[in-house]
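Be aware that the sequence shown starts at 2, since it is given in this note's numbering, and climbs by one per residue.
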Amino acid sequence: MQSIQNIYKIGPGPSSSHTFGPMRACQDSLSRYPQADDFHVTLFGSLALTGKGHLTDQIIEKTFFPKHCTITFDIKSECDHPNTMTIEALKDHKVLGKHTYISIGGGKILKDDERASEESSIYPHNTMDEIQAYCRQHHLRLDKYIDQFEDDTLNSYMDKIFDAMLDCVNKGLNTIGKLPGSLEIDRVAFALNQSAHSCDDPIERKSLLLASYAYAASEENAGGGMVVTAPTMGSCGVLPSLLYHYYYDEQYPKDTLIQGLKVAGLIGNLIQHNATISGAKAGCQAEVGAACSMGAAFVSSCNFENNQQIECAAEIGLEHHLGLTCDPVGGYVMIPCIERNAVASLRSLDSARLAKYLRNVKKNRVSFDMVVKTMNLTGSKLPFELKESALGGLAIVVPTKKNG
């Protein structure tokens, strides 16, 4: 597996696969053909069907500016991967080159027939079972396991991720108005946070605070702000909400929280390596489900639970999102995505609590590796209409200006 730095990336919302990934593809084409004066971009599959709502066309135009570009939304042609795009570079109307890019989730892209590279692999283990066995043999906690294989740049990188996560929540909490797009959705993080602070019930107050933080980060993402893939932008509200809560409300030490973020990153790494974190590939179970799994591991790690309890928490967080569809209304990362992040944040907390006590009374029959495999298999069975195409589920039931 690659460094967990590949899980956490800072970039512009609203989508890691539909905004951030295409941006990086355009940057790659610009670097390859700096002499080009025109670029022809064709979007296929999910990129074509939900590209407008995800601001794919806007980020492409912005990246190529001031050079000219044309964008075609091809919703009829079939591709092996739903997040496929081609970029043709031209100079004086002559073709310099043409490449196919696949946005595989979390801002990662593959070019032409390239496969996910293992050249930069730094971990000798690719499953949780292998990692747990190694940790038992060497008497390591999961965070120390990570430190053993990552280089010295990780800590400084995690400092930046820590700050970026807190910053996006803070911005979201202090911004009001409507989110962009035809859905005309009001930002509610500020109001939700105010309600939390006026709530007398401590349990309800805590839940409302956590939800407001998840709304804040997700609304920043939907508004095109700078957020952190965790593991994607569509699921970027879960981990930052927990981090913000534990840092400001619970006053956990920064070192403890960064340790938790590392462990959460390892969980996201395992999911991406052995399955997918792309909603267009496996539905929202691969995005918000993965984020909940990472969030649960984060909470367990911050509370210094043992490795088995951390795995159990991550497994519970993912297992109970199995089958979750990706059906964005109007193709926007707003309904049901923002609310779904808030629910997953609360579920992360509950998954960690349950795992803490379950591991004291029984051996977990469903391992983390098993549920990751199940998620991948389940994703392959979901119909295309329920995998970020805006052609099924809530996307066709909830009225919009398009579907009335």
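Just so you know, even glycine gets a beta-carbon here, dropped at the ideal spot from N, CA and C. Here the structure is a predicted model, which is why all the values come from computation and not from measurement.
As assigned by DSSP and simplified to three states, the class of residue i
i: V289; result: helix
i: A1; result: Nothing about residue 1 can be reported from this structure: the residues present for the chain run from 2 to 405 only.
i: D201; result: coil
i: D39; result: strand
i: E119; result: Its pLDDT being 46, under 50, E119 is placed unreliably by the model, and the measurement read from it follows with that caveat. Looking at E119 - three-state DSSP - the assignment turns out to be coil, as it is neither helix nor strand.
i: M86; result: strand
i: M376; result: helix
i: M402; result: Note that residue 402 is Lys in the sequence shown here, rather than Met. In the structure shown, K402 sits in coil (DSSP, three-state: anything other than H, G, I, E or B).
i: P23; result: helix
i: G331; result: helix
i: C70; result: strand
i: V367; result: coil
Nearest-angstrom Cα separation, counted from residue j out to residue i
i: V398; j: V228; result: 29 angstroms
i: H139; j: E151; result: 17 angstroms
i: V367; j: Y135; result: 20 angstroms
i: G234; j: A343; result: Correcting the residue type first, residue 234 is Met in the shown sequence and not Gly. One C-alpha to the other measures close to 14 angstroms.
i: S16; j: N156; result: 26 angstroms
i: D81; j: C285; result: 19 angstroms
i: T401; j: L395; result: 11 angstroms
i: Y253; j: A298; result: 16 angstroms
i: A223; j: N307; result: 36 angstroms
i: F66; j: I60; result: 10 angstroms
i: V189; j: D256; result: 31 angstroms
i: E251; j: R354; result: 16 angstroms
i: L211; j: D58; result: 33 angstroms
i: D153; j: N127; result: 22 angstroms
Exposure of residue i, with buried meaning 16 or more beta-carbon neighbours within 10 Å
i: H78; result: Just to set this straight, residue 78 is Ser in the shown sequence, not His. When all chains shown are included, S78 counts as exposed.
i: K388; result: buried
i: Q36; result: exposed
i: E119; result: Annotation note: pLDDT 46 at E119 (below 50); position unreliable, no value reported.
i: Q149; result: exposed
i: F305; result: exposed
i: N194; result: buried
i: Y9; result: buried
i: E221; result: buried
i: G178; result: exposed
i: Y358; result: exposed
Rounded distance between the beta-carbons of residue j and residue i, thought under 8 angstroms
i: A345; j: V264; result: Not quite, the Cβ-Cβ distance comes to about 17 angstroms (not below 8 angstroms), so this is no contact.
i: N365; j: E316; result: 7 angstroms
i: G14; j: G226; result: 6 angstroms
Proximity below 7 angstroms, CB of residue i to CB of residue j
i: A90; j: F163; result: no
i: L258; j: Y247; result: yes
i: G380; j: A283; result: yes
i: G269; j: P232; result: yes
i: G173; j: A217; result: yes
i: S47; j: S390; result: yes
i: S30; j: I72; result: no
i: V289; j: S349; result: no
i: Y158; j: Q6; result: yes
i: V170; j: A276; result: no
i: L143; j: I311; result: yes
i: F385; j: M129; result: no
Residue-chain proximity (residue i, chain B), Cβ-Cβ < 7 angstroms
i: L180; result: The structure shown has no chain B; it contains just one protein chain.
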